[in-house]
Structure formats: structure tokens, C-alpha cells
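In my numbering, the protein residues as written are 5 to 245. Glycine residues also receive a C-beta, built at the ideal position from the N, C-alpha and C atoms.
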Amino acid sequence: MSQREPIFNVPGAVVALIGSFVVVHVVRTLLPGELGAWLTILLAFIPARLSGMAQALPGGDAAVVTQFVTHIFVHGDLTHLAINSAWLLAFGSSVARRVGTTRFLAFFVLCGIAGALVYTAFSPGALSMMVGASGAISGLMGAAIRFLFQALRTGDTEGLAGEKRRPPLMSLAATLRDKRILLVVAGWTVLNTVMAVGAAGLMDGANIAWEAHLGGFYMGLLTFGFFDRSPPVHDDIALVE
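In C-alpha cells:
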């Protein structure tokens, strides 16, 4: 008698994150207007908190620190929530299976913090609010490409999913020499630059935290080796085995 695989086999950590996104969004939606706005400001990342304005904003000095994490769980509307949840499912599942719950969550938060720091670097002292998990999820994307192409090269779909085995991780040196990865990195950087300027009127850069996307992505790409549990591939010969 054959065992049936579940239709959806999503790691618990990914389910928990999406569930937390939904809960926060529902609570904010159900709260009365002023209270909902207060909660949003409390959880959002606001660079001005780092420039001496913390006392004038909800959360006070404590929010100077907590905002680096809490902004990840807030989304502007249902579309924002749905897009980030789908993006998290796409890149988070294979990374979570590969490194385990604790490392996955630590890595996810680290990338979110990196996104907030880069956002601050481009908007120091700004009162604008940044919310959403896109910076942290961009880090998962950066992590995934360090083992994605090896799995695609060999047609190892099970290894790519990470359910039964894990494709080898490319070393950082090999990653930065791989033309396919460099093309993806360049494309992601250009795309987010386009978001920043709202090229041809297609996008409103003011509504997209492109700085967080880039900060999280580069953090994920460069540091995933410290979180991965499998030995890296050190040379190009190993990549074509």
C-alpha cells in the first residue's frame, strides 16, 4: 500500500509566519480607526525614531529596537499581504526545510533587519512608515539562488524542494563567479532601481520599500552560508557532477 503525499507540505515555520501576518492584519482591521492607526505606527519601522523622535511616537524608546522586527508582520492591505504570503511560500519553504525552524526564523529576522537598515540609510530621519515582510523574504530569495541553480542543472526537483535531500550549497566565491547568479542579482537590483524612480509611470516608487528589498536580498545572498547545515560546493567542477 503506497503512502500518499499531502497536497500541501509547507514547513510549520512558514505556516506560522503567514498565520501571524494574517492575525496582525485582522486585528488592525477590526480595531477602531484611531486605535488601529496607533497600532500600525507602533509596529511600523520609522527612521525618525532613530533620530531623537522616539518619545513623540507610540512605543517610545522601546520601539526604537522592536520596530526592526515588528514591521515585518504588518501589511498595508490584503493585496500586500497576499503577495508577500505567496512570495514567502515560494522561497521560504525550501529554505526552511533545508536549515530547520530555529535557523530559518533567525535568518528571516536578520534579513528583515538588514532591509530596515538600508531603508534608513536612504531615508535618515524620515517620518515615513515602512511595513511588510518583503525585505526579509528578499533575503530568502538571495539564499535560495545559492542552491537553486545546482538543483535545476541536475533536474533534482526533490532536492530543490528539500523534503528528502538537499542540493549542495554554492560557496560564496563560486556564487559571485556564477554568471547566472550575477545576472539574477543585476536584474533584481535594476528592477528595484526602476521601482525607486517609478519608470515610465508604471510603478509608484514611494509605495515600494525597494531599499528594504535590496538590503534583505544582499544580506541573504552573502550570509546564508553561516546558517546552512550542508557543506558548500567549493569549486565549479563540483557544480556539474
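query                                                                                                                                                                              : result
Under 8 Å: do the region 101 to 108 and the region 80 to 90 share three or more Cβ pairs, one atom per stretch?                                                                    : no
If contact is defined by three or more beta carbon pairs under 8 Å, each pair taking one atom from either stretch, is the region 111 to 128 in contact with the region 211 to 226? : yes
Name, in chain order, the residues that DSSP records as bridge partners for V49.                                                                                                   : The sequence shown places Phe at residue 49, rather than the Val named in the question. F49 is bridged to M134.
Does the separation of the CB atoms of G143 and G56 fall below 7 Å?                                                                                                                : no
Using the Cα positions of I185 and P128, report the straight-line distance between them to the nearest angstrom.                                                                   : 31 Å
Thinking C-beta only, is A137 closer than 7 Å to I246?                                                                                                                             : Since the displayed the chain opens at 5 and closes at 245, residue 246 lies outside it and no answer follows.
Using 7 Å as the threshold, is the C-beta distance between G4 and A140 below it?                                                                                                   : Residue 4 lies beyond the range of the chain shown here (5 to 245); nothing can be said about it.
How many whole angstroms separate the CB atoms of V113 and V69, which I take to be in contact at a CB cut-off of 8 Å?                                                              : Actually they are not in contact, since the Cβ atoms of V113 and V69 sit about 13 Å apart, beyond 8 Å.
So what does DSSP say about A213, is it helix, strand or coil?                                                                                                                     : coil
Using 8 Å as the threshold, is the region 147 to 156 in touch with the region 173 to 189, meaning 3 or more CB pairs across them?                                                  : yes
Please say whether R32 and G40 have beta carbons closer to each other than 7 Å?                                                                                                    : yes
Can you tell me whether DSSP reads F231 as helix, strand or coil?                                                                                                                  : coil
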